[in-house]
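Visitor: Please see the structure below; I have some questions.
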Ligand code: NAD
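Numbering (my numbering), first residue to last: 8 to 424.
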């Protein structure tokens, strides 16, 4: 349930305002950064398998390109709307700046419930959407990647559609592709791996031994499943997980590998025999050391924040905590590691994938993983130290550091014309 009083775009702008005020920016700079540089809304006529025609709506928003080409995921969900895409694009700008990858921020979306469509229909949707946004994407301009409801296969269709129209293969137009067409080793697990690098650092820096810790993970998709798996492998006891269909609890710890096999078979965590059923909302309020929300935005809001008992929240999802919930959690002493730091592993390895594709030179998996860890832990240390020095929350510190980099790029480039 979303915060009853704010939308993701309002939340994103609230945080931007706090950062620009702290940096002493003038209102003109805030106005530049509060608005996207380019937005495209497209109609996607789809011939369904029964031969009927349906028209879907798709978006691509490029929030900012002052530091490099726009970069961001593509979401397929019935809840996709323009304001959500704008907020997600803005978060990408901050994430890329914070991790110092040479990109601006973007996001795309199609308002569709992918579970209701066949693979052949999803292929047609993806190819038509790609054709419609072709004028504004490309390896030097805007590089999509998977997000909620999309996958490596979606990226393969996008890359193929773009390449067929150009007349030659252009793997660098998307990241998160299958390895066989120029994907990077280590990309599929990179977001989850990064989340767990940060979670382990946050636990240790707060005097909590990870191997004596408990964790709950909301969402069991690309990010949540990997995060649960890596946390399990690092010795944490993962006592609860959930997906959109329901949750699971086992005080002795859930065997994540066995659960993965159950999910591959049934499509959901529900019904797994190694744990008891748990209400999805109750998962957020469990007494655990570590809570990883890795599903959708706005799930921790002012109504449930007072009941949250986790010591540390590491945001695997984008925008899971609303600003009003943040204030409540901070007052309770709960440490929140913000999305733009915690889930940046995906965009770091996307950057590595793009560099490899541009150079047609492939790195080993251990090279990718060690560079990912180095960048994640370096960013953690910078944010942690800045927060301490300035007496800011981790989110305040991360956003301010990121916004400062983007502001510097704008100031040095000047306002065109
Ligand atoms: P996904 O579609 O692979 O998985 C989403 C999961 O969340 C599914 O298990 C779904 O059942 C579950 N879910 C949806 N609504 C829920 C609810 N209300 N309660 C509990 N579970 C719910 O998506 P993903 O790629 O794992 O993305 C998850 C989040 O992580 C999103 O916010 C996304 O923007 C963010 N993110 C993803 C990546 C990436 O590389 N995929 C990178 C950075 C951030």
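Note that the Cβ used here is the ideal one computed from N, Cα and C, for glycine as well. What you are looking at is a predicted structure, and each value in this text was computed from that prediction instead of being measured.
1) In the structure shown, what three-state DSSP assignment does residue 397 receive?
2) In three-state terms, what does DSSP make of residue 170?
3) Comparing the CB of residue 272 with every heavy atom of the ligand NAD, is any distance shorter than 6 Å?
4) Spatial neighbours of residue 9 within its chain, please: C-beta separation below 6 Å, excluding the five flanking residues on both sides.
5) When DSSP labels each residue in this structure, what does residue 326 get in the three-state scheme?
6) In angstroms with no decimal places, state the Cα-to-Cα distance between residue 278 and residue 216.
7) Are residue 71 and residue 44 close, meaning C-beta to C-beta below 7 Å?
8) Could you tell me the boundaries of the beta strand (DSSP E) in which residue 88 lies?
9) Look up residue 424 in the DSSP assignment and say whether it is helix, strand or coil.
10) Does DSSP classify residue 365 as helix, strand or coil?
11) Could you check if residue 201 belongs to the surroundings of the ligand NAD, using beta carbon to heavy atom distance under 6 Å?
12) Identify the continuous beta strand (DSSP E) that holds residue 205 and give its terminal residues.
13) Check each candidate in 299, 232, 308 and name the one with the smallest Cα separation from residue 271.
14) Look up residue 406 in the DSSP assignment and say whether it is helix, strand or coil.
15) So is residue 346 buried or exposed if we call it buried at 16+ other beta carbons inside 10 Å?
16) Report the three-state DSSP secondary structure of residue 9 (helix, strand or coil).
17) Distance check for residue 321 and residue 19, CA to CA, integer angstroms please.
18) Between 316, 291, 349, 317, which lies nearest to residue 307 when the distance is taken from Cα to Cα?
19) Helix or strand or just coil, what does DSSP make of residue 414?
20) Straight-line CA distance for residue 135 to residue 52?
21) DSSP on residue 244, reduced to helix/strand/coil?
22) Classify residue 18 as helix, strand or coil using the three-state DSSP reduction.
23) Which value, in whole angstroms, describes the spacing of the CA atoms of residue 74 and residue 104?
Guide: According to the data block:
1) helix
2) Secondary structure of residue 170 (DSSP, three-state): helix.
3) Because no heavy atom of the ligand NAD lies under 6 Å away, the Cβ of residue 272 does not count as near it: no.
4) Any answer about residue 9 is weak, because its pLDDT of 43 lies below 50 and its placement is not dependable; what the coordinates show is given next. Contacts found: 305.
5) The answer is coil: DSSP assigns residue 326 none of H, G, I, E or B.
6) Roughly 31 Å between the two C-alpha positions.
7) yes
8) No beta strand (DSSP E) contains residue 88, which DSSP labels as neither H nor E.
9) coil
10) helix
11) no
12) Careful: residue 205 lies outside any beta strand (DSSP E), inside the alpha helix (DSSP H) at 197-212.
13) 232
14) helix
15) buried
16) Note that residue 9 scores 43 on pLDDT, short of 50, meaning its location in the model is unreliable; the coordinates nonetheless yield the value given after this. Residue 9: coil per DSSP, three-state reduction.
17) 18 Å
18) 291
19) helix
20) 8 Å
21) strand
22) Three-state result, residue 18: helix.
23) Put simply, the backbone Cα of residue 74 is about 8 Å away from that of residue 104.
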